[in-house]
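Undergrad:
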Amino acid sequence: GLGTVVAVDGPAAAGKTTTCLALSKSFDLRYLESGRTYRIIAFEALQRRIPVDNATKVTCLCDELITASRSASLLTSDRYAPDNLRATRVNVAVSAVAKIAEVRQRVTSLIRLWAGAQPRCVIEGRDIGTTIFPAATVKFYLTAKPEVRAMRRVRQERSASYEHVLDDVIRRDEADMSRATSPLVPAEDAIRIDTTDLTVEQVLRLMTSACRDRG
Ligand code: C5P
Numbered sequence: 005g006l007g008t009v010v011a012v013d014g015p016a017a018a019g020k021t022t023t024c025l026a027l028s029k030s031f032d033l034r035y036l037e038s039g040r041t042y043r044i045i046a047f048e049a050l051q052r053r054i055p056v057d058n059a060t061k062v063t064c065l066c067d068e069l070i071t072a073s074r075s076a077s078l079l080t081s082d083r084y085a086p087d088n089l090r091a092t093r094v095n096v097a098v099s100a101v102a103k104i105a106e107v108r109q110r111v112t113s114l115i116r117l118w119a120g121a122q123p124r125c126v127i128e129g130r131d132i133g134t135t136i137f138p139a140a141t142v143k144f145y146l147t148a149k150p151e152v153r154a155m156r157r158v159r160q161e162r163s164a165s166y167e168h169v170l171d172d173v174i175r176r177d178e179a180d181m182s183r184a185t186s187p188l189v190p191a192e193d194a195i196r197i198d199t200t201d202l203t204v205e206q207v208l209r210l211m212t213s214a215c216r217d218r219g
């Protein structure tokens, strides 16, 4: 394990998933969407009526989920429908869950464990290049104006209203950037890409050439 690790961080709806999936194909990397794990924990907390701001109870739930799924496979569990994990109530709850230091510690350990078992991987999240893999092979920080990110998300998902998505994006960015443990910030050595005026193809060209240079 721990050959190539490509870290892709950035705010909500910055294009991380789209570009990571493309990179994973081009460079034969295993792909991990780390936000999904925080969403699973938030979803389960809501299902069980556990208050998401109760650190002790949510940490306890987190331990239970890790034990039940035999450790790192919680990260890739196929028991959760994407629609459930992307529901509005989960979008709201996930920031609270992701703020809990003990939960972050556990998710961090799982991700390191998972990555150690992969020959080469690309991981998207908020703290991959800063906290989880400070020595990642290549680090990207993708961003764009909130209005542009919200518009892209609306086009992609169709259902939600623009105002609603924009509010969610801004609220989550603020929560992620202001929390005490592993806040969302670009790693010093991350390649920053503002995708506001770029197409997916242009972004991918930049990312691909950086991976070729460093990988
Ligand atoms: O990437 P996604 O939007 O699915 O992430 C959902 C939430 O999970 C983020 O808003 C953030 O609060 C949290 N998260 C995190 N650290 C990560 C990945 C996601 O705190 N590495």
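In terms of full-length UniProt numbering, the sequence shown has 76 at position 72, counting the first letter as 1, and numbering is strictly consecutive.
Cβ coordinates follow ideal geometry from the N, Cα and C atoms, glycine included.
Helix, strand or coil: how does DSSP classify Asp-13 here?
TA: Taking the first residue of the sequence shown as 1, we reach residue 13 at position 9. DSSP places Asp-13 in strand when its eight states are reduced to three.
Undergrad: Please identify the residue among Gly-133, Asp-32 and Ala-154 whose C-alpha is closest to the C-alpha of Lys-143.
TA: Taking the first residue of the sequence shown as position 1, residue 143 is located at position 139. Cα-wise, what sits closest to Lys-143 is Gly-133.
Undergrad: Hey, would you say the C-beta of Asp-180 is under 8 Å away from at least one heavy atom of the ligand C5P?
TA: Residue mapping note: residue 180 aligns to position 176 of the sequence shown, counting from 1. Yes, the ligand C5P has a heavy atom inside 8 Å of this Cβ.
Undergrad: Label Cys-64 either buried or exposed according to how many other C-beta atoms from any shown protein chain fall within 10 Å of its C-beta, with 16 as the threshold for buried.
TA: Walking along the sequence shown from the start, residue 64 turns up at place 60. Around the beta carbon of Cys-64, fewer than 16 other beta carbons sit within 10 angstroms, so the residue counts as exposed.
Undergrad: Leaving out five residues on either side along the sequence, give the residues of the same chain with a beta carbon under 7 Å from the beta carbon of Ala-100.
TA: Sequence index remark: in the sequence shown, residue 100 carries index 96 (1-based). These residues qualify, in order along the chain: Val-56 and Asp-57.
Undergrad: Does the separation of the CB atoms of Gly-19 and Leu-188 fall below 9 Å?
TA: The count along the sequence shown starts at 1 and reaches residue 19 at position 15. The count along the sequence shown starts at 1 and reaches residue 188 at position 184. Not closer than 9 Å, so no.
Undergrad: For the ligand C5P, any of its heavy atoms closer than 8 Å to the Cβ of Ala-16?
TA: Residue numbering aside, residue 16 sits at position 12 when the sequence shown is read from its first letter. Because some heavy atom of the ligand C5P lies under 8 Å away, the Cβ of Ala-16 counts as near it: yes.
Undergrad: Do you know how far the Cα of Gly-7 is from the Cα of Gly-120?
TA: As a position in the sequence shown, residue 120 is number 116, starting the count at 1. As a position in the sequence shown, residue 7 is number 3, starting the count at 1. Cα to Cα, the separation comes out at about 9 Å.
Undergrad: Let's test the definition: count the other Cβ atoms within 10 Å of the Cβ of Ser-77 and tell me whether it reaches 16, buried, or not, exposed.
TA: Taking the first residue of the sequence shown as position 1, residue 77 is located at position 73. If you draw a 10 Å sphere on the C-beta of Ser-77, you find fewer than 16 other C-beta atoms in it, and that means exposed.
Undergrad: If you run the structure through DSSP and keep just helix, strand and coil, what is Ala-40?
TA: In the sequence shown, counting from the first residue as 1, residue 40 sits at position 36. Here the sequence assigns Arg to residue 40, which means Ala is not the residue at that position. In this structure, Arg-40 counts as helix in the three-state DSSP scheme.
Undergrad: According to DSSP, what are the bridge partners of Val-126?
TA: Position 122 of the sequence shown holds residue 126. The partner list for Val-126 (beta bridge, DSSP) reads Val-10 and Tyr-35.
Undergrad: What three-state label does DSSP hand Val-142 in the structure shown?
TA: For the purposes of this step, residue 142 is taken as residue 138 along the sequence shown, with counting starting at 1. In the displayed model, Val-142 falls within a strand according to three-state DSSP.
Undergrad: Is it right to say Thr-60 is buried, meaning 16 or more other beta carbons lie within 10 angstroms of its own, or is it exposed?
TA: Your numbering for residue 60 matches position 56 in the sequence shown. So Thr-60 counts as exposed.
Undergrad: Comparing alpha-carbon positions, which option in Val-126, Tyr-84 and Glu-68 lies nearest Ser-28?
TA: Working through the sequence shown from its first residue, we reach residue 28 at position 24. The residue with the shortest Cα to Cα distance from Ser-28 is Val-126.
Undergrad: Let me check understanding here. Comparing Cα to Cα, which of Ala-97, Asp-67 and Thr-22 lies closest to Leu-50?
TA: Along the sequence shown, one-based indexing puts residue 50 at 46. Taking only the C-alpha atoms, the option nearest Leu-50 is Ala-97.
Undergrad: I need the DSSP call for Arg-216, collapsed to helix, strand or coil.
TA: Residue numbering aside, residue 216 sits at position 212 when the sequence shown is read from its first letter. Arg-216 falls in the helix class under three-state DSSP.
Undergrad: In three-state terms, what does DSSP make of Thr-147?
TA: One-based indexing of the sequence shown puts residue 147 at position 143. Three-state result, Thr-147: strand.
Undergrad: Give me the residue from Ser-186, Pro-86 and Ser-165 with the minimum Cα distance to Gly-129.
TA: By 1-based counting over the sequence shown, the position of residue 129 is 125. Nearest of Ser-186, Pro-86 and Ser-165 to Gly-129, Cα basis: Ser-186.
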